[in-house]
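Novice:
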Amino acid sequence: MLLPVARACIATFVALVLIRHSQETATLDSSGIYERGYPSRSINVVVPFPAGGPSDVVARVVTEQMGNILGQSMVIENVGGAGGTIGSARVAAASSDGYTLLAGSMGSHVAAPVLTPNLKYDSERDFAAIGFTAQSPAVIVARKDFPANNLRQFVDYLKQNGDRVKQAHGGIGASSHMACLLFTARAGVKPSLVAYRDTAPALSDLIGGHVDFFCEQVVSVAPQIAAGAIKAYAISSSERLPTLPDVPTAKEAGLDYQMSIWAGIFAPKGTPKPIVDKLAAALDKSLDDPGVKAKVAELGGSIPPKSERTPAKFSHFVNAEIARWSPVLNAASAGTGTN
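Residue numbers are given in the working numbering: position 279 of the sequence shown equals residue 342, and the series is strictly consecutive.
1. Does the stretch 346-360 come close enough to the stretch 215-223 to have 3 or more Cβ pairs within less than 8 Å?
2. Return the residue from the list Thr126, Arg104, Ser103, Ser105 that minimises the CA-CA distance to isoleucine 328.
3. For asparagine 213, name the three-state secondary structure that DSSP assigns.
4. For alanine 211, which option in Glu384, Ala295, Ser171 has the closest C-alpha, if you only look at C-alpha atoms?
5. Under 7 Å from any heavy atom of the ligand SAM, does the C-beta of alanine 237 make it?
6. Straight-line CA distance for alanine 330 to serine 378?
7. On the three-state DSSP scale, how would you describe glycine 327?
8. Which residues bound the beta strand (DSSP E) around valine 355?
9. Output the boundary residues of the alpha helix (DSSP H) element that contains asparagine 131.
10. Which residues share a DSSP beta bridge with threonine 312?
11. Please specify which runs of the beta strand (DSSP E), each continuous and at least 3 residues long, are wholly inside the stretch 152-208, giving them in chain order.
12. Can you check whether the CB of serine 171 is closer than 8 Å to the CB of serine 199?
13. Just grab the DSSP bridge partners of glutamate 371 for me.
14. So glycine 143 and proline 113 are supposed to be a Cβ contact under 8 Å. How far apart are they, rounded?
15. Tell me whether the stretch 308-318 and the stretch 146-165 touch, counting them as touching only if at least three CB pairs, one residue from each stretch, are closer than 8 Å.
16. If I follow the unbroken alpha helix (DSSP H) through leucine 342, where does it start and stop?
17. When we look at the beta-carbon of alanine 290 and count the other beta-carbons within 10 Å, is it buried (16 or more) or exposed?
18. List in chain order: all unbroken beta strand (DSSP E) runs of 3+ residues lying wholly within the stretch 215-279.
19. On a Cα-Cα basis, can you pick out the residue from Val120, Gly115, Met137 that is closest to serine 103?
20. Strictly by DSSP, which residues pair up with leucine 304?
21. Following the continuous beta strand (DSSP E) through isoleucine 288, name the residue where it begins and the one where it ends.
22. Around the C-beta of glutamate 279, are 16 or more other C-beta atoms found within 10 angstroms, so that it is buried, or is it exposed?
23. So what does DSSP say about serine 365, is it helix, strand or coil?
24. Which same chain residues, not among the five before or five after glutamine 86, have their C-beta less than 8 Å away from its C-beta?
25. Could you tell me which of Lys332, Gly236, Pro368, Val274 sits nearest to asparagine 393, measuring between CA atoms?
26. What did DSSP end up calling valine 142 once you bin it into helix, strand or coil?
27. On the three-state DSSP scale, how would you describe isoleucine 96?
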């Protein structure tokens with residue numbers, strides 16, 4: 064008599080376990096089915112710029128630690144070209160399952176919408192913001208034998224020599240382009256622009272003396288400054304950096320030039336909130352890791368305050384940056400015929 068009862072109890076127990084397991088591994092919402100046990104496999108992170116650049120370096124540092132926290136590898140894929148728009152468009156069109164992310168930046172989300180005709184994504188509507196990865200001030204650098212000894216002399220030289228001075232940048236809409244747009248506007252100078260496909264060749268030509276100066280985030284040029292391969296005039300932060308203590312702020316030299324070049328992680332729009340929240344929590348935790356903090360600081364970057372790292376805060380920040388920079392970039396594109 065007890066055998067049928069025991070069998071029934073076992074069957075009921077197994078059924079309850081299967082239901083519980085099903086609830087833990089998957090759930091259904093308006094976006095479709097997604098894994099509650101996310102992630103169950105590696106996550107692809109598209110960097111829309113070539114390997115070795117600032118966006119790539121920071122993304123690798125941060126996502127390696129994120130992968131450790133999530134228990135799955137985060138694989139960097141460099142998809143460069145067209146000012147970061149090719150890789151960004153790929154992620155915008157990807158499945159919103161949390162397995163394809165974008166290591167975006169000012170270039171992909173702020174400059175591209177203004178400067179790129181027929182853009183295949185809307186940076187305000189086609190992505191779900193995860194959070195900041197890092198930010199870095201810009202630094203004004205010149206070939207090591209440039210005649211000016213300080214920022215004031217440098218600006219005077221540019222005013223006197225105009226378009227005979229060659230300013231390099233890593234492509235329309237790149238951080239080096241945007242950083243110098245603001246600097247030359249504040250300084251009231253109009254140098255001759257020399258465009259490159261990326262930061263690396265621009266920096267190489269600057270070191271070789273083939274161009275005169277450019278403006279780039281500290282992350283990209285701190286080692287060359289420290290080695291004396293190039294000359295640094297000023298940084299765009301409000302205070303000097305521990306990594307470059309001898310480089311003054313632009314404010315110290317009397318120039319109103321402050322900006323921060325930022326990068327962050329995005330997912331395609333429609334990514335379920337539980338996945339966004341899990342990624343954001345992993346990112347937040349990775350940014351608190353002493354090793355990550357040390358590596359970012361060594362590069363001359365900084366990690367945003369904890370209160371600014373939520374998806375909502377990051378999304379609001381990105382939209383504010385778009386509004387802030389659009390007039391500057393529209394004026395630049397009108398003057399250069401880039402649109």
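Positions of the beta carbon are idealized from the N, C-alpha and C atoms, including for glycine.
Specialist: In short, the structure shows the following:
1. no
2. Thr126
3. coil
4. Ala295
5. The model on display carries no ligand, and the ligand SAM is accordingly not part of it.
6. 12 Å
7. strand
8. Run containing valine 355: none in the beta strand (DSSP E); it sits in the alpha helix (DSSP H), 353-361.
9. 117-133
10. Ile298
11. 163-168, 190-206
12. no
13. Looking at the DSSP assignment, glutamate 371 forms no beta bridge with any residue, so it has no partner.
14. 4 Å
15. no
16. 336-350
17. Residue burial annotation: alanine 290 is exposed, with fewer than 16 other C-beta atoms found within 10 angstroms of its C-beta.
18. 229-232, 255-258
19. Met137
20. Leu307
21. That residue, isoleucine 288, is in no beta strand (DSSP E); its alpha helix (DSSP H) goes 281-290.
22. buried
23. strand
24. Bear in mind that the predicted position of glutamine 86 carries a pLDDT of just 42, short of 50, making it too unreliable to give a figure here.
25. Gly236
26. If DSSP states are grouped into helix, strand and coil, valine 142 belongs with coil.
27. Caution applies to isoleucine 96, whose pLDDT of 48 falls short of 50 and renders its modelled position unreliable; the value that the coordinates give is listed next. In the structure shown, isoleucine 96 sits in a strand (DSSP, three-state: E or B).
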